[in-house]
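Protein sequence lines, in the order shown, are assigned to chains R and Z. Numbering follows UniProt numbering, with no gaps: position 268 of the first sequence is 268. Numbering follows UniProt numbering, with no gaps: position 277 of the second sequence is 277. Take a look at the structure set out below.
Number of protein chains: 2
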Amino acid sequence: MNQIKIFSPATVANVSCGFDVLGFCLDTIGDDMVIRKTTEKGIRISKIVGADLPFEADKNVASVSALALYNDAQPDCGFEIDIYKNIKPGSGIGSSSASASGSVFAINELLGRPYNKTQLTQFAMKGEAIASGCEHADNIAPGIFGGFTLVKSTTPLQVLQLPTPDNLYATIIHPQIEIKTSEARAILPKNIPLQNAITQWSNVGSLVHALHTNDYKLLSDSLNDVVVEPYRSQLIPHFDVVKAEAIKVGALGAGISGSGPSIFALSKSKITAEAVAEAMQNIYSKTDISFNTYVSKINTEGIRVMKNE
Amino acid sequence: MNQIKIFSPATVANVSCGFDVLGFCLDTIGDDMVIRKTTEKGIRISKIVGADLPFEADKNVASVSALALYNDAQPDCGFEIDIYKNIKPGSGIGSSSASASGSVFAINELLGRPYNKTQLTQFAMKGEAIASGCEHADNIAPGIFGGFTLVKSTTPLQVLQLPTPDNLYATIIHPQIEIKTSEARAILPKNIPLQNAITQWSNVGSLVHALHTNDYKLLSDSLNDVVVEPYRSQLIPHFDVVKAEAIKVGALGAGISGSGPSIFALSKSKITAEAVAEAMQNIYSKTDISFNTYVSKINTEGIRVMKNE
Numbered sequence: 001m002n003q004i005k006i007f008s009p010a011t012v013a014n015v016s017c018g019f020d021v022l023g024f025c026l027d028t029i030g031d032d033m034v035i036r037k038t039t040e041k042g043i044r045i046s047k048i049v050g051a052d053l054p055f056e057a058d059k060n061v062a063s064v065s066a067l068a069l070y071n072d073a074q075p076d077c078g079f080e081i082d083i084y085k086n087i088k089p090g091s092g093i094g095s096s097s098a099s100a101s102g103s104v105f106a107i108n109e110l111l112g113r114p115y116n117k118t119q120l121t122q123f124a125m126k127g128e129a130i131a132s133g134c135e136h137a138d139n140i141a142p143g144i145f146g147g148f149t150l151v152k153s154t155t156p157l158q159v160l161q162l163p164t165p166d167n168l169y170a171t172i173i174h175p176q177i178e179i180k181t182s183e184a185r186a187i188l189p190k191n192i193p194l195q196n197a198i199t200q201w202s203n204v205g206s207l208v209h210a211l212h213t214n215d216y217k218l219l220s221d222s223l224n225d226v227v228v229e230p231y232r233s234q235l236i237p238h239f240d241v242v243k244a245e246a247i248k249v250g251a252l253g254a255g256i257s258g259s260g261p262s263i264f265a266l267s268k269s270k271i272t273a274e275a276v277a278e279a280m281q282n283i284y285s286k287t288d289i290s291f292n293t294y295v296s297k298i299n300t301e302g303i304r305v306m307k308n309e
Numbered sequence: 001m002n003q004i005k006i007f008s009p010a011t012v013a014n015v016s017c018g019f020d021v022l023g024f025c026l027d028t029i030g031d032d033m034v035i036r037k038t039t040e041k042g043i044r045i046s047k048i049v050g051a052d053l054p055f056e057a058d059k060n061v062a063s064v065s066a067l068a069l070y071n072d073a074q075p076d077c078g079f080e081i082d083i084y085k086n087i088k089p090g091s092g093i094g095s096s097s098a099s100a101s102g103s104v105f106a107i108n109e110l111l112g113r114p115y116n117k118t119q120l121t122q123f124a125m126k127g128e129a130i131a132s133g134c135e136h137a138d139n140i141a142p143g144i145f146g147g148f149t150l151v152k153s154t155t156p157l158q159v160l161q162l163p164t165p166d167n168l169y170a171t172i173i174h175p176q177i178e179i180k181t182s183e184a185r186a187i188l189p190k191n192i193p194l195q196n197a198i199t200q201w202s203n204v205g206s207l208v209h210a211l212h213t214n215d216y217k218l219l220s221d222s223l224n225d226v227v228v229e230p231y232r233s234q235l236i237p238h239f240d241v242v243k244a245e246a247i248k249v250g251a252l253g254a255g256i257s258g259s260g261p262s263i264f265a266l267s268k269s270k271i272t273a274e275a276v277a278e279a280m281q282n283i284y285s286k287t288d289i290s291f292n293t294y295v296s297k298i299n300t301e302g303i304r305v306m307k308n309e
């Protein structure tokens, strides 16, 4: 095998109560990437379609993560990476993570899978660090593991793969405004009330239990964020009404995807998820903000191979 | 059926990371209670053995909780309650909760089980409020439901029954010093660092996942409390060395039981749990503090009927 084409999906980090630890993987939106072996050693970005991203190997997240794996594996070949970007940078659904994860996943396949998923996550975090300024895994892990993940700790890296209820669908709306991750971090308080923290860890515990027991009602009850959302939602115009409308038409819950501006909702069926998309669109249609919406089953597989030669 | 004898077990609340929400049920330590129907209406405490507790129906936690149920059910008989107290009040292993839960459980049996476990928990919380000043369920729920419980919320009351790994044993050491619940509450900060809160909810999520997957290693990794233990452990002499020794001889983890002074440890086998007990005893034996130790399988049944007539 000398060349591989993969689909590297978008992901939703935080998932309301699970700030900095939970995430899930989408299916209908993601980047395509083609990675091929070269006789010339090293890592090279050979093509970028759909976004204005750097070609320098030490500046592109896909090559930085690939280099972390490459320097560890020390293979007797090199690799070049074509990136077909469908996930808009800055959308809050793991654009940089998809690039960082996709390249290490693909190279691992081309090398005969010397690394496990946790190791791939670790390499991809090196790429993510270029984009966000710190090594975190809450978008990386769901892409590489699929489904719902809980990043138990980053040092040492411990990723838990949580079960995914069968009929769970996500709706995403991406209002095209810019929120920098650094700004979204800066707006958060350094200290929070103990009572709110207790509410939050109760919700995280019950969300994990709900996923294990296929309990949609409990999942719905657990999708609350009393810690981060009250701050970050201020950065997203019409957030409160979008969330309220989503729940009104049947969503189990809704919240900020990653650090925004995308808003996610979870629903028990595709029909409901589509109704939620329509309700969300109706709100932004009345504004001058451009937007994209996506409806997706939760992707339990994660990154997948499209074609190899 | 006119009379019932029950065993109302001791319980461990908080369970390291799960402050205010998690708890589990013990098996080898608990109160015996005999409850019988009377022609005279109302609730009466008829006997108290083993502790100096009030007989007045509006002051004893067992009768206060019983009255909450009684006033709702409005049966055409009364009940009298004999309490054989084995759990020392103030020990931190749910002494008042055992009394509050036991009476409502028993009366529900005598009435033909008109109430479910959540309703019984709700009634018992009225009794617990007399002892602790607020209605909480983190010791009540494990007694009534058995095994591990997560109190998702108290208004409305939502209790989740979590799975219990087969070979899980608890060791308890009760150093006989007095810590008032109110003092143990007062020592806690009103605000905590967001980073610590994130660590805590990551641990709660992974602890719930560990219980669902029978993963003892993950359970061990999750039994950390970075929020409450650093404060409350100061109130318990030799806590740090007791915890360290417990883990050294094989415990999965150890922490403060409820608001203390009891210390609990969890182990994968009875043999390890007994070695942990010995290690804990060795430390307090060298001091002038009296203590009791208990080794118990996790009780997945909760309160149980010993005899009915």
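For glycine and all other residues, C-beta sits at the position ideal for the given N, C-alpha and C. Note that the structure is a prediction, hence the values are computed from the model and not measured.
Between Y169 (chain Z) and the set Z:L218, Z:V305 and Z:K297, the nearest pair of CA atoms involves Z:K297.
Chain-order list of chain Z residues neighbouring I192 (chain R): N191, I192, P193, L194 and A197, by C-beta distance under 9 Å.
A direct Cα-Cα distance of roughly 31 Å separates E40 (chain R) from G94 (chain R). Look at L111 (chain R) here: in three-state DSSP terms it is coil, with no helix or strand label. Bounds of the beta strand (DSSP E) holding V305 (chain Z) are R304 to N308.
Shortest Cα-Cα distance from I6 (chain Z) to any of Z:G143, Z:N60, Z:E135 and Z:P54 involves Z:G143. Contact between A279 (chain Z) and A254 (chain Z) does not hold, since their C-beta atoms are separated by about 10 Å, which reaches or exceeds 8 Å. Straight-line measurement puts the Cα of F105 (chain R) at about 22 Å from the Cα of G90 (chain R). Around D20 (chain Z), the beta-carbon contacts reaching into chain R at under 7 Å are I198. Minimum Cα-Cα distance from S96 (chain R) among the listed residues R:T155, R:I263, R:A73 and R:S63 corresponds to R:S63.
Only L150, V151, K152, S153, Q158, L160 and L162 from the segment 150-170 of chain R bring a Cβ to less than 8 Å from some Cβ of chain Z. Rounded to the nearest whole angstrom, the C-alpha separation of G23 (chain R) and T121 (chain R) is 13 Å.
Membership of Q122 (chain R) in any beta strand (DSSP E) is not indicated; the residue belongs instead to the alpha helix (DSSP H) covering K117 to S132. The closest CA to that of S16 (chain Z), considering only Z:Q3, Z:E229 and Z:F123, is found on Z:E229. Within the DSSP secondary-structure output, L162 (chain Z) pairs in a beta bridge with Z:F148. Taking a 10 Å sphere around the C-beta of R232 (chain R), we find 16 or more other C-beta atoms and assign the residue as buried. Within chain Z, G205, V208 and H209 have C-beta atoms less than 7 Å from the C-beta of V208 (chain R), given in sequence order. Cβ neighbours of A265 (chain R) within its own chain (closer than 6 Å, five residues either side excluded): T171, A246, A251, A254 and V276. Across the structure, S202 (chain Z) and N299 (chain Z) are spaced so that their CA atoms are roughly 26 Å apart. Contact annotation: L218 (chain Z) and H212 (chain Z) have beta-carbon atoms that are not nearer than 8 Å. Q200 (chain R): member of the alpha helix (DSSP H) spanning L194 to T213, first to last residue.
Chain-order list of chain R residues neighbouring H212 (chain Z): V208, H209 and H212, by C-beta distance under 8 Å. At a cut-off of 8 Å between beta-carbon atoms, L69 (chain R) makes no contact with chain Z.
A direct Cα-Cα distance of roughly 19 Å separates D240 (chain R) from V12 (chain R). Between the segment 61-75 of chain Z and the segment 43-51 of chain Z there are three or more inter-stretch CB-CB distances shorter than 8 Å, so the stretches are counted as touching. With a 10 Å radius around the Cβ and a threshold of 16 neighbouring Cβ atoms, Q161 (chain R) comes out buried. For P261 (chain Z), the closest alpha carbon among the candidates Z:Y115, Z:H238 and Z:S267 is that of Z:H238. Here S182 (chain R) is exposed. Its C-beta has fewer than 16 other C-beta atoms within 10 Å.
Nearest C-alpha to E274 (chain R) among R:T293, R:S99, R:G102 and R:L150: R:T293. About 7 Å separates the Cβ atoms of P9 (chain R) and A98 (chain R), confirming a contact at the 8 Å cut-off. Pairing S65 (chain R) with S103 (chain R) gives a Cβ-Cβ distance under 8 Å. Against S259 (chain Z), chain R offers no close residue; the least beta-carbon distance is about 14 Å (beta-carbon pairs closer than 7 Å).
Under DSSP, K5 (chain R) shares a beta bridge with R:V34 and R:K307. In the three-state reduction of the DSSP assignment, S259 (chain R) falls in the coil class, being assigned neither a helical nor a strand state. Note: F264 (chain Z) is bridge-paired with Z:I172 and Z:G255 in the DSSP secondary-structure output.
Counting the other CB atoms within 10 Å of its CB gives V249 (chain Z) a total of 16 or more, which places it among the buried residues.
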